[in-house]
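Using my numbering, the first residue of the sequence shown is number 142, and each one after it goes up by one. Following: one structure in structure tokens, then a few remarks.
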Amino acid sequence: MRKSEHSHRPRGQRKDGSRNAAQDTPEAPQVSPEALAFNKPQTETAAPAPEPAHSPLRRKLLTYWRLTRMHRPIGIFLLLWPVLWSLWIAGHGAPRVGVVVVFVLGTVLMRAAGCVINDYADRNFDPYVSRTRDRPLARREIAPEEALRFFAVLVAIAGFLVLTMNRLTIYLAFVAVPLAIVYPFMKRYTYLPQVYLGAAFGWGVPMSFAAQTNALPPVVWLLLAGVVLWVLVYDTEYAMVDREDDLEIGVKSTAILFADADRIIIGLLQVLLLVDFVLVGREANLHWPYYAGVAGAGLLCLHQQYLIREREPAACFQAFLANNGLGATLFVAIAADYLLYA
């Protein structure tokens, strides 16, 4: 029975006028039912209820999840579409299931690894860019050395997957890793890091084609050129979002290089991209469903031009995201072509 129930002293105040330190918080702690049942009064020295054992692990996993951008899968799709184009053309619409599984998993792993090494390289820049300041390395939620170890693990797992493929694919994989590592540092030294990114993102084309056919015919290099052009387009749109921040911190990009001519140059690159897609279709002996897909891709390019017309960051980001639809459109066109004309 509390004496304070019959007292006019303010709650928590002792006879000498002082206050209990445990009651200086905005709300007094509640007594648990167990303590009432066994008449065990809670005191200031009572140990707090332990957190669930999985809480630290969950926090760590969430940090890794954010570090690899798994909560933003757009990068996975943009990296995966060219691989699927290549596999379906190489396999004439019916690539081997095992090869498809290896390259889908490898794409997810290498995209995750690319995010980690990119954030490691940009860890001293990202805190000053509004779009990137909440990334785990920018917020010091994970040590740089730990991020590098995680990168190595991701690359190692992807490497084990490649070892299940033929020798030509394995040889090509030795080029993929340096491409992934070097790209994040290119933006310090050149205004054309997007071209290098195009090579890195497009390298899955010769690898996947080689895995399916053990050969690298001319259509592979046409498709790779198209991917480089495509990446140059959408990553310039992406860089337009950060252009003002990049100018302040000294990071280079095609968006800065192109300046006021950005829309015109992006338009020219899109025309070259569509021409390249037509050449790919001719080299691969594709038919009207594929060319209908190329026409659809052209309409999507016009839509992107509309989005970036005022160069508003949010609209430029939407234009970047719209490239997922372009990649999907072309894949559906390739798949439909082989379904109808296989």
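Ideal Cβ positions, reconstructed from N, Cα and C, are used throughout, including at glycine.
Does the separation of the CB atoms of residue i and residue j fall below 8 Å?
i, j, result
"LEU313", "GLY339", "no"
"LEU410", "SER227", "no"
"ILE274", "ASP260", "For the sequence presented, residue 274 should be read as Arg rather than Ile. Not a contact, by the Cβ cut-off of 8 Å."
"GLY468", "TRP222", "yes"
"CYS256", "MET381", "no"
"LEU302", "GLY247", "yes"
"VAL360", "VAL421", "yes"
"GLY345", "PHE244", "yes"
"PRO325", "ALA279", "no"
"GLY408", "GLN446", "yes"
"ALA483", "GLY234", "yes"
"GLY466", "LEU448", "no"
On the criterion of 16 or more Cβ atoms from any shown chain inside 10 Å, does residue i qualify as buried, or is it exposed?
i, result
"THR209", "buried"
"TRP206", "exposed"
"PRO170", "A caution first: PRO170 carries a pLDDT of 42, below 50, which makes its placement in the model too unreliable to give a value."
"ASN265", "exposed"
"ASN464", "buried"
"LYS328", "buried"
"LEU471", "buried"
"ALA341", "buried"
"VAL412", "exposed"
"THR305", "exposed"
"SER349", "buried"
"ALA317", "buried"
"ARG252", "buried"
"GLU451", "exposed"
"ASP401", "exposed"
"TYR479", "buried"
"VAL315", "In the sequence as presented, Val is not what sits at residue 315; that position holds Phe. By the neighbour-count rule (16 or more Cβ atoms within 10 Å), PHE315 is not buried but exposed."
"ILE405", "exposed"
"PRO197", "exposed"
"GLY434", "buried"
"ALA425", "buried"
"VAL238", "exposed"
"LEU225", "buried"
"PRO319", "exposed"
"PRO136", "Nothing in the structure corresponds to residue 136, since the chain is present only between 142 and 483."
"LEU289", "exposed"
"GLY391", "exposed"
"LEU388", "exposed"
"PRO214", "exposed"
What whole-angstrom Cβ distance do residue i and residue j have, given they're in contact under 8 Å?
i, j, result
"VAL270", "ASP383", "6 Å"
"ILE397", "TYR332", "6 Å"
"TRP283", "THR204", "Just to set this straight, residue 283 is Ile in the shown sequence, not Trp. So it is a contact: roughly 6 Å between Cβ atoms."
"LEU414", "TRP371", "6 Å"
"TYR379", "PHE461", "4 Å"
"VAL369", "GLY343", "5 Å"
Take residue i and list the residues in its own chain whose beta-carbon comes closer than 7 Å to its own, dropping the five residues that flank it on each side.
i, result
"HIS444", "ALA463"
"ASN180", "The predicted position of ASN180 is uncertain, since its pLDDT is 42 and thus under 50; a value taken from the coordinates is nonetheless stated next. Answer for ASN180: no residue qualifies."
"ALA321", "MET251, ALA254, GLY255, ILE258 and ALA341"
"TYR431", "GLY422, ALA474, ILE475 and ASP478"
"ASP157", "Residue placement at ASP157 is poorly supported in this model, since its pLDDT is 44, which falls under 50; the coordinates are not used for a value here."
Among residues of its own chain, excluding the 5 on either side of residue i, which ones have a beta-carbon nearer than 6 Å to its beta-carbon?
i, result
"ASP376", "GLN335 and LEU338"
"ALA497", "As shown, the chain starts at 142 and ends at 483. That puts residue 497 outside it, with no answer to give."
"ALA299", "GLY247, LEU250 and MET251"
"GLU168", "Note on GLU168: pLDDT 42, under 50, position unreliable in the model; the coordinate value appears next. Nothing listed; no residue qualifies."
"LEU295", "LEU250, ALA253 and ALA254"
"GLY439", "LEU415"
"GLY437", "THR470"
"VAL242", "none"
"LEU220", "THR248, ARG252 and PHE342"
"PHE399", "ILE406"
Near residue i, what residues of its chain come up, given a Cβ to Cβ distance below 8 Å and the 5 sequence neighbours on each side ignored?
i, result
"LEU481", "HIS428 and PRO430"
"PHE218", "ASN465, GLY468 and ALA469"
"MET202", "Before going on, a small fix: residue 202 reads as Leu here, not Met. Nothing listed; no residue qualifies."
"LEU357", "LEU309, PRO347, PHE350 and ALA351"
"ASP267", "ASP260, THR273, ARG274, ARG276, LEU278 and ALA279"
Can you determine whether any heavy atom of the ligand NAP sits closer than 7 Å to the C-beta of residue i, and answer yes or no?
i, result
"ALA402", "The ligand content of the structure shown is nil, which means the ligand NAP is not present either."
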